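For reference, the structure discussed in these notes is given below.
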Amino acid sequence: MRDRRRQSGFTLLELLVVMTIIGILAAVAIPALRDSPQRAREAALREDLFTLRSTIDQYHGDKGYYPPDLATLVSDGYLRQIPVDPMTKSRDTWAVEVEQLEPTAEGEGAPATSTGETTGTQTTEQTKTPGVIDVHSGSTEKALDGTTYKDW
44 MRDRRRQSGF TLLELLVVMT IIGILAAVAI PALRDSPQRA REAALREDLF
94 TLRSTIDQYH GDKGYYPPDL ATLVSDGYLR QIPVDPMTKS RDTWAVEVEQ
144 LEPTAEGEGA PATSTGETTG TQTTEQTKTP GVIDVHSGST EKALDGTTYK
194 DW
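Throughout, the working numbering is defined as the position within the sequence shown, counted from one, plus 43.
Shown next, in the form of structure tokens:
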């Protein structure tokens, strides 16, 4: 009868070993899982920034000048819609960087190239409005790597 009782369950030592292993696994897994929503938003932000920047470059390549705003990319058919900034959860918070205009002989601005020369392919209407050359998140929060999202 004694042998039967020994074989029917787990010993206290076996239960303690299993509980210790579960505790160690939980201590390792919980910090990694805690940051996963933020990692997913950061991945979405990287993808959206890549898409917007590629589209701005494509617009410039096709038209010879940068778009005056992000809405122009939608109205001209380059994007279906402006993506939502995953950090601010809004389409209206993207921070745009515009090109610096240099004055021409007529007093109007013309975009400068990397060599400092002005391009002559733009019309008078296009030279009055500086175009969007880059886009950043509107969020001032810090990323997991310590940088701010607005600097991405």
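Don't be surprised by glycine CBs; every beta carbon is placed ideally from N, CA and C.
Small disclaimer: the values here were computed from a predicted structure and weren't measured.
| query | result |
| --- | --- |
| Residue nearest to L116 in terms of C-alpha spacing, selected from D100, D128 and G189 | D100 |
| Sufficient close CB pairs (3 or more, under 8 Å) joining the region 105-121 to the region 180-187 | no |
| Where the alpha helix (DSSP H) through L144 begins and ends | From DSSP, L144 is part of no alpha helix (DSSP H) but of the beta strand (DSSP E) over L144 to P146. |
| Beta-carbon spacing of E85, P129 below 9 Å | yes |
| For E140: DSSP bridge partner residues | D177 |
| Other residues of its chain near A138: CB distance less than 8 Å, five sequence neighbours each side excluded | V178, H179, S180, G181 and K193 |
| Coarse secondary structure for K193, derived from DSSP in three states | helix |
| Residue of G104, D135, T98 and K132 minimising C-alpha distance to R123 | T98 |
| Complete alpha helix (DSSP H) runs within the region 81-129 (minimum length 4 residues, chain order) | 113-118 |
| Inter-residue CB distance, A109 and V175 (contact presumed, cutoff 8 Å) | For the sequence presented, residue 109 should be read as Tyr rather than Ala. Contact holds; Cβ gap of about 6 Å. |
| Status (buried if at least 16 other CB within 10 Å, exposed otherwise) for D105 | exposed |
| Residues that DSSP places opposite S133 in a beta bridge | D128 |
| Candidates L55, V141 and R89: closest to H103 by CA position | V141 |
| L92 versus L144, T136 and E145, residue with shortest Cα-Cα distance | T136 |
| For L76 and L55, the rounded distance between their alpha carbons | 31 Å |
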